[in-house]
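The number in our numbering is simply the position in the sequence shown, starting from 1, with 200 added.
Remarks on the structure that follows.
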Amino acid sequence: MPENILVAVAWPYANGPRHVGHVAGFGVPSDIFARYHRLKGNRVLMISGTDEHGTPITVAAEQEGVTPRELADRYNRVISEDLRELGLSYDLFTRTTTQNHYQIVQEIFTTLLNKGCIIKQKALGTFSSVTGRTLPDRYVEGTCPICNYRAARGDQCDNCGHQLDPTDLMQPRSRIDGRPPVFRETEHFYLDLPAFAGRLRT
Ligand SMILES: [Zn+2]
201 MPENILVAVA WPYANGPRHV GHVAGFGVPS DIFARYHRLK GNRVLMISGT DEHGTPITVA
261 AEQEGVTPRE LADRYNRVIS EDLRELGLSY DLFTRTTTQN HYQIVQEIFT TLLNKGCIIK
321 QKALGTFSSV TGRTLPDRYV EGTCPICNYR AARGDQCDNC GHQLDPTDLM QPRSRIDGRP
381 PVFRETEHFY LDLPAFAGRL RT
């Protein structure tokens, strides 16, 4: 009996061309997996697309002096063509800015919320002191509290390999404008992953 196999590949940001390291990381392993299951006679759906939301898009658009939409349109085209010309066998390569994507994402979120699978918790959020916008962890840089490396990132230190939070860094600064970020308590939605642990292990 053929099995249904969903290959859900990582979605690259449409904020610039992808390089060969990305292809080795997300492209080739998933393509090998999908081709193996097709040869085995299984019914495979390998999908991905460009992620066109979030700070990486707005930062790159500001640097190039274009709108986020113009930037995303351009790099969606570049990335899709590159992946196709490399021979990666996506069944669907789409984008996060389609009406279908908005609808599905909102359906998943509201279903999880209504069923009590999403919990709210307060956490310290990182904001730009210049624009007031949120700063993703990797856009914050500072000195590592463990090894004193001066260019550690807000998600990890590349020198000692420890995982960090932006609040752990000494002399934190924004990688966009070099200014110290502001930390404010904000409310976040968290998926209650432990509630799914039994089913996921099975
Ligand atoms: Zn370190």
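A virtual CB, placed ideally from N, CA and C, is assigned to each residue, including glycine.
Contact between A260 and G221 is ruled out by a C-beta separation of about 18 angstroms, above the 8 angstroms threshold.
The residue among E341, I257, G241 and G265 with its C-alpha nearest the C-alpha of R379 is E341.
In the DSSP assignment, M370 is bridged to T343. For F389, the enclosing beta strand (DSSP E) covers residues V382 to L391. Cβ contact annotation for D337 (same chain, cutoff 6 angstroms, sequence separation greater than five): G354, D355 and P366, in chain order.
In the three-state reduction of the DSSP assignment, V207 falls in the strand class, which pools E and B. By the 16-neighbour rule on beta-carbons within 10 angstroms, T250 is buried.
No heavy atom of ligand 1 is found nearer than 7 angstroms to the CB of A351. Nearest C-alpha to E203 among W211, Y236 and S230: Y236. The three-state reading of DSSP puts I247 in strand, counting E and B together. Taking D368 as the centre and dropping the five residues before and after it, the same chain places the C-beta of P345 closer than 7 angstroms to its C-beta, in chain order. Under the 8 angstroms Cβ criterion, the segment 283-302 does not count as touching the segment 316-327, having fewer than three qualifying pairs.
R218 counts as buried, since no fewer than 16 other beta carbons sit within 10 angstroms of its beta carbon. Within 7 angstroms of the C-beta of H253 there is not a single heavy atom belonging to ligand 1.
In this chain, the beta strand (DSSP E) harbouring Q321 covers I318 to F327.
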